[in-house]
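Enquirer: Here it is, the structure in full.
Residue numbers (my numbering): 1 to 92.
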């Protein structure tokens with residue numbers, strides 16, 4: 001089992017997401033953040049849970065409402081590192 005770490009950009013993404021949700025859907029804010037954190041914690045045991053992308057990256061979709069959030073991560077020797085968190089409709 002590897003620890004799950006949030007990289008600097010992922011932490012900023014999570015803060016940005018929380019601020020956005022508080023302003024637009026306050027009742028959904030805690031549910032969305034809790035669900036994202038819960039799914040991220042599953043990567044400690046199941047690091048290959050997400051689908052493979054390029055350059056060693058993986059993506060894990062976290063369904064929420066009609067869409068999903070996407071956790072972009074990489075599996076390193078000592079940890080699973082969440083690199084970015086985005087809404088499934090965002091293009092990055």
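Virtual Cβ for every residue (Gly too), placed ideally from N, Cα, C.
Where does residue 68 sit, in a helix, a strand or coil, going by DSSP?
Expert: Three-state DSSP puts residue 68 in a strand.
Enquirer: For residue 24 and residue 87, I'd like the C-alpha separation in whole angstroms.
Expert: Their backbone Cα atoms lie some 14 Å apart in a straight line.
Enquirer: Taking the beta strand (DSSP E) that residue 5 falls in, what are its first and last residues?
Expert: First-last of the beta strand (DSSP E) with residue 5: 4-6.
Enquirer: Counting beta carbon pairs with one atom in the segment 40-51 and one in the segment 59-77, are three or more of them shorter than 8 Å?
Expert: Counting Cβ pairs under 8 Å, three or more are found: they touch.
Enquirer: Rounded C-beta distance between residue 58 and residue 74? I'm assuming under 8 Å.
Expert: Their Cβ separation, rounded to whole angstroms, is 7 Å, which keeps residue 58 and residue 74 in contact under 8 Å.
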